[in-house]
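*Asks:* Each residue of the sequence shown is one higher than the one before, starting from 689 at the first, in the numbering used here. Yeah, the Cβ is synthetic: ideal placement off N, Cα and C, and Gly gets one too. My questions will all concern the structure given below.
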Amino acid sequence: MSGSGYDAVVDIDDEGDLGNTDLQDDLEFHNSNFSETAPALHKGGVRSAAGNGSSGLPLPATASTSGKRFLWTLSFYAQFFDVDTSSVLARCWAALYPRANFLDVLEGNPDLYGPFWIATTVVMILFLGGTISEYVATVDKTTFAYDFKLLSGATGLIYGYTFVIPVALYLALRYFGSESANLLECWALYGYANLIWIPVALISWSPVAILNWVFVAVGFGLSVFFLLRNLYPVLSATDRQTSKVLLVLVLALHFGLSIAIKVLFFAHGSPLHHDDATPPPAADPPAGDQPQMMMF
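As structure tokens, this is what we get:
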């Protein structure tokens, strides 16, 4: 018995009880084979229990038997927002103070929760900062009116840059043979890189133009360093010439975003601002249309 395991099989009476069981006639021993075969049904409908942990029991009710998710179901989109507050804060801190590789901080679970709300916050603060900047420039000169073109312009610029550019970068990487490219990671990188524009937008409404340029330059430097540091391992998976071209494009597009933010939102006389000049007086109607005085 020391060399192998044994199982005891007990025959159950037709009445379904053990009351009249004869241990000598009804009790038998045989070599255990539970580790090799699936659990079997013995006489009387009693299922044997496996001794190796693989009991063959059905999965718990909470276990998913299918990993399929469809585009028209909420579960498909919920997986991209499966992140808690502490994780989002840790990722925000890693974006502002990039000591470690951001892809390691993501721990294989990139999210869209942070990128979406960061982009939305940047849009609102750009609108408010641009409005304050225009108000400071026009105070005591003309009647000030809110210009909601700033809001639509900020929405198109930030959302377009955050969610469209990563798609183009991902497609380019896949085309040039980078197997490590991941669209969600690209979205996460660009989304969290926008975080620096929140403090920049909060302080760049000053009428002193040189200060605004300094603030925007600092925001550009920190965010582009964050992007290039984390994108370089992915871009270098392509050939050398292609990786250089993609790096230059990433740098140029981010520089264009910074200039657009400075010119459109923190420059007095921005193309997005209303022309608040006093409208010219209406022209006199033609002589033939002049009302005639009727004589009685």
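Put V852 into one of helix, strand or coil per three-state DSSP.
*Replies:* In the three-state reduction of the DSSP assignment, V852 falls in the coil class, being assigned neither a helical nor a strand state.
*Asks:* Distance check for Y863 and L952, CA to CA, integer angstroms please.
*Replies:* 34 Å
*Asks:* Are the beta-carbon atoms of A881 and F914 separated by less than 8 Å?
*Replies:* yes
*Asks:* Output needed for V922: all residues of its chain with C-beta closer than 7 Å, excluding positions within five of it in sequence on either side, in chain order.
*Replies:* If we look at V922 and ignore the five residues flanking it on each side, its Cβ neighbours are L861, S866, S868, A869.
*Asks:* Just reading off the alpha helix (DSSP H) that P921 is part of, what are its end residues?
*Replies:* Run containing P921: 897–923, per the alpha helix (DSSP H) assignment.
*Asks:* Going along the chain, which residues of its own chain have a beta-carbon closer than 8 Å to the beta-carbon of G848, five neighbours each way excluded?
*Replies:* none
*Asks:* Using beta-carbon positions only, say whether I813 and I886 come within less than 8 Å of one another.
*Replies:* yes
*Asks:* Answer yes if the region 936–945 comes into contact with the region 902–919, meaning at least three C-beta pairs across the two stretches below 8 Å, and no otherwise.
*Replies:* yes
*Asks:* Just to check my reading of the structure: F804 and L877 have Cβ atoms closer than 8 Å, yes? What is that Cβ distance to the nearest angstrom?
*Replies:* With 8 Å as the limit, F804 and L877 do not qualify as a contact, their Cβ atoms being about 14 Å apart.
*Asks:* Rounded to the nearest angstrom, what separates S894 and N900 at their Cα positions?
*Replies:* Taking the straight line joining both Cα atoms gives about 7 Å.
*Asks:* Rounded to whole angstroms, what's the CA-CA distance from P798 to T831? Just pull it up for me.
*Replies:* 47 Å
*Asks:* When the Cα of I806 is compared with those of K950, T850, L937, which residue comes out closest?
*Replies:* Among K950, T850, L937, the Cα nearest to that of I806 belongs to T850.
*Asks:* Any idea what DSSP makes of A766, helix, strand or coil?
*Replies:* helix
*Asks:* At the 8 Å Cβ level, is I853 part of the contact set with chain D, yes or no?
*Replies:* Annotation note: the requested chain D is absent from the structure, which comprises a single protein chain.
*Asks:* Between V855 and V896, what straight-line distance do the alpha-carbon atoms span, to the nearest angstrom?
*Replies:* 37 Å
*Asks:* Counting C-beta neighbours from all protein chains within 10 Å, is the total for S752 16 or more, i.e. buried, or is it exposed?
*Replies:* Only weak support is given to the placement of S752: the predicted model assigns it a pLDDT of 40, under 50, and the value that follows is read from those uncertain coordinates. With fewer than 16 Cβ atoms within 10 Å of its Cβ, S752 is classed as exposed.
*Asks:* Would DSSP call Y785 helix, strand or coil?
*Replies:* Assignment of Y785 by DSSP, reduced to helix, strand and coil, places it in the coil class.
*Asks:* Give the straight-line distance between the Cα atoms of F903 and T930, rounded to the nearest whole angstrom.
*Replies:* 32 Å
*Asks:* Using the Cα positions of T750 and L784, report the straight-line distance between them to the nearest angstrom.
*Replies:* At T750 the pLDDT is 37, less than 50, meaning the model places this residue with poor confidence; the figure from the coordinates comes in the next sentence. Cα to Cα, T750 sits roughly 39 Å from L784.
*Asks:* Decide if L919 is buried, meaning its Cβ has at least 16 other Cβ atoms within 10 Å, or exposed.
*Replies:* L919 should be labelled buried.
*Asks:* Pick out whichever of I846, V906, T819, I949 has its Cα sitting closest to the Cα of D1059.
*Replies:* Outside the displayed span of the chain (689 to 984) sits residue 1059, for which this structure offers no information.
*Asks:* Using the Cα positions of S763 and V824, report the straight-line distance between them to the nearest angstrom.
*Replies:* 47 Å
*Asks:* DSSP three-state label for N870, please.
*Replies:* coil
*Asks:* If you run the structure through DSSP and keep just helix, strand and coil, what is F864?
*Replies:* In this structure, F864 counts as coil in the three-state DSSP scheme.
*Asks:* What are the start and end residues of the alpha helix (DSSP H) that includes T930?
*Replies:* 928–953
*Asks:* Going by DSSP in three states, E822 sits in which element: helix, strand or coil?
*Replies:* Here E822 sits in helix by DSSP.
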